[in-house]
Every structure is written in structure tokens, then in C-alpha cells.
Amino acid sequence: MSGVQDSAPTPMSDESNLVRALRARDPAETERFVRSQSPRALSLARRFLRNEEDAREVVQEAFLSFFRSLDEFRGQAALSTWLHRIVVNSALMRRRRASNRLERQIDDLLPKFDETGHRLSVGPAWAISADEQLATQELRDIVRRRIEELPESYRIVLILRDIEQLDSEVVAEMLETTPNALKTRLHRARQALRTLLEEEPSICPRN
Amino acid sequence: MSSELTCKELIDFLDDYVAGAQTAQARAAFEAHLSICPECVDYLAQYRAAPRLARAALDGGAHAAPEDLIQAILKTRR
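Protein chains in written order, with my numbering: chain A, 18 to 224; chain B, 252 to 329.
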């Protein structure tokens, strides 16, 4: 059997055996797989969904969908990557259904420049450094709220690349885009989040 | 390539600078600009800080999944 794996934690032969066991509904292997993969799947779903019940339902649906589609699996990605992609897609579908959020336009969140290439509306330095822990729950909530304001396609990339710290090839494959397009999107997402955080007086004290 | 970068040129390629994915020549041009532009130094610091703050805010960690969830998933395969 041939195939390409992009982030497989196990050698191909182990993964092939696992696929065979899961297709055959081997109880021990199925349970081992579910126990090993569900914490990551749940943590991933929680990144996108604030409601715990929604996150759990999405994980359950994603596993169901994963098992149903096992026959179509051809080793094009690691099994775990494939499951994560299903979790992300399920979480996004759930989110769209419930969506009534205050997303902003990306163009409003990117820096503006004059004709000589100087940045316009430069604010003061931030009162919080990159290495600082977000000591208070209030500050964590502020940052979370600001992340929610990112346009969805940018928020997803920021979550998968900068928070989950998944490889760009894996994320590009998950989102069915190219690594170059993903790179541009991540750069814009970081700039947009910077702008959103700059609007917070507790992070950037303006006059 | 001109050694005189504008702020826009620097910010447009800040991801490559942060990732260390530039040629030595491009990096030198960036550092020359940063040495004379405190606004871009601030921007760079904030550009680096934003994803770290996001990580700190959303960090829930991958704890064990609840047993009832695991059992509900397994039930669909029995």
C-alpha cells in the first residue's frame, strides 16, 4: 500500500494496521484510538466553539463521520490529521449556524500607509509585553473577544497556525488552500489582531 | 534591492523577518530600517505579541476527554 503522510506520529505500517483494525471495528484498537485522539479533538473544537456542549457534540459528530468515511481513506494524510480536519469542518459548520457575531472587515484592520510608505495613525507602545502572562481573567476575556472579531477565515488560520501550532502544510491541506495563500492569510490575521488589541485601553493606553 | 526600506515594505514582509526566512541581504535592510524607526520597532513588538497573547488567552490545554463523551463515541462503533 502506498501513501503520503504529512505528520504521522507512527510508521506507515503501524498506521496501515490501525486503519485495518478500525475498519474491522476492532474494539480494543477503536477504544485506544478514541482515547488517544479525543483530548486533542475536544481542545480543537473548543478553540472554535465557546459552548462546551457544542464542542462535545461536534467531537462526537466528527468521530462518527470519521469512522463512516474510513473506507475512503487512502493514506493521503496521517489519520490524526484527517480526524482533525473533520473536527475543524464540523466546528465551523456549527459555528455558522449559530453565528451572530461582530466580525470586522479585514481591510479595516490592516495598517494604512501614506504615499511615501509611512504608516498612518501610529499609536503609543503597548502597556503589555509579548512575554507577559495574561494575569487576570478579565484580560483573557478581552483578548478572546477581540479574536472573535477577526473575520472567520483569518481567525481559523490564526488558531490553527499560531495557537494550535500545526505545520503550514497540514493546515493548507486541511483548509484546501496553498501554503503561499495560507502564509499571506496568517500575516494579515496577525496584523488584524494587532489592530484589534491596540483598540483596547488596557493593552494600549491612548491619550 | 535598495537598502532604504519604507515602513510599508518592512511591514509587508514582517512574517518572513519574524520567521527568519529572509536572505542575509534582506535581513540587513530590515535591521537598518529598524535601527532608525522606533515606530516600526513598536509595530514589530506588537506583531510578535498579538499571537502570543492569543495563545495565552485561549490556552485550555488538551485535558482528558470526559468519559461519557468517550463512551458515546464508542457506542456508535459497537
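We put the beta carbon where it would ideally sit given N, CA and C, even for glycine.
Report task. In angstroms with no decimal places, state the Cα-to-Cα distance between R157 of chain A and D310 of chain B. Result -> Residue numbering aside, residue 157 of chain A sits at position 140 when the first sequence is read from its first letter. Residue numbering aside, residue 310 of chain B sits at position 59 when the second sequence is read from its first letter. Going from the Cα of R157 of chain A to the Cα of D310 of chain B covers about 10 Å.
Query raised in the report: DSSP three-state call for F84 of chain A: helix, strand or coil?
Result: Residue 84 of chain A sits at position 67 when you count from the first residue of the first sequence. If DSSP states are grouped into helix, strand and coil, F84 of chain A belongs with the helices.
Query raised in the report: How about A198 of chain A and Y171 of chain A: do their beta carbons lie closer than 7 Å?
Result: Position 181 of the first sequence holds residue 198 of chain A. Position 154 of the first sequence holds residue 171 of chain A. In this structure, Y171 of chain A does not lie closer than 7 Å to A198 of chain A by Cβ.
Query raised in the report: In chain B, what lies closer than 7 Å to V104 of chain A by C-beta?
Result: Residue mapping note: residue 104 of chain A aligns to position 87 of the first sequence, counting from 1. Correct list: empty, because the minimum Cβ distance to chain B is about 12 Å.
Query raised in the report: Under the rule that 16 or more other beta-carbon atoms within 10 Å means buried, what is Q297 of chain B, buried or exposed?
Result: In the second sequence, the residue the question calls residue 297 of chain B occupies position 46. The residue in question, Q297 of chain B, is buried, as its Cβ has 16 or more Cβ neighbours within 10 Å.
Query raised in the report: Going by DSSP, what residues sit across from F130 of chain A in a beta bridge?
Result: Along the first sequence, one-based indexing puts residue 130 of chain A at 113. A:R136.
Query - 7 Å Cβ cutoff, F80 of chain A in contact with chain B - result: Here the question's residue 80 of chain A lines up with position 63 in the first sequence. True, the Cβ-Cβ gap to chain B drops below 7 Å.
**Report entry** Alpha carbon of L192 of chain A to alpha carbon of D319 of chain B, nearest angstrom
**Finding:** Taking the first residue of the first sequence as 1, we reach residue 192 of chain A at position 175. Taking the first residue of the second sequence as 1, we reach residue 319 of chain B at position 68. Approximately 30 Å between the Cα atoms of the pair.
Query raised in the report: Alpha carbon to alpha carbon, what distance is there between H204 of chain A and V105 of chain A?
Result: Residue mapping note: residue 105 of chain A aligns to position 88 of the first sequence, counting from 1. Residue mapping note: residue 204 of chain A aligns to position 187 of the first sequence, counting from 1. Each residue's Cα considered, the two are about 21 Å apart.
Query raised in the report: Going by beta carbon distance, what residues of the same chain come within less than 8 Å of L119 of chain A, once the five residues before and after it are set aside?
Result: Residue numbering aside, residue 119 of chain A sits at position 102 when the first sequence is read from its first letter. These residues qualify, in order along the chain: E165 and E166.
Query - Per-residue burial, D88 of chain A [other beta carbons within 10 Å of its own, 16 or more giving buried] - result: Position 71 of the first sequence, counted from the first residue, corresponds to residue 88 of chain A. Classification for D88 of chain A: exposed.
Requested in this report: Please say whether V75 of chain A and S107 of chain A have beta carbons closer to each other than 7 Å?
Outcome: Counting from 1 along the first sequence, the entry for residue 107 of chain A is found at position 90. Counting from 1 along the first sequence, the entry for residue 75 of chain A is found at position 58. Cβ atoms of S107 of chain A and V75 of chain A: closer than 7 Å.
Requested in this report: Note down the Cα distance separating L109 of chain A from R303 of chain B, rounded to an integer number of angstroms.
Outcome: As a position in the first sequence, residue 109 of chain A is number 92, starting the count at 1. As a position in the second sequence, residue 303 of chain B is number 52, starting the count at 1. Those two C-alpha atoms are separated by around 23 Å.
Requested in this report: Measuring only between beta-carbons, confirm whether R109 of chain A sits less than 7 Å from chain B.
Outcome: Locating residue 109 of chain A in the first sequence gives position 92, where the first residue counts as 1. First, the amino acid is wrong: residue 109 of chain A is Leu here, not Arg. False, the Cβ-Cβ gap to chain B never drops below 7 Å.
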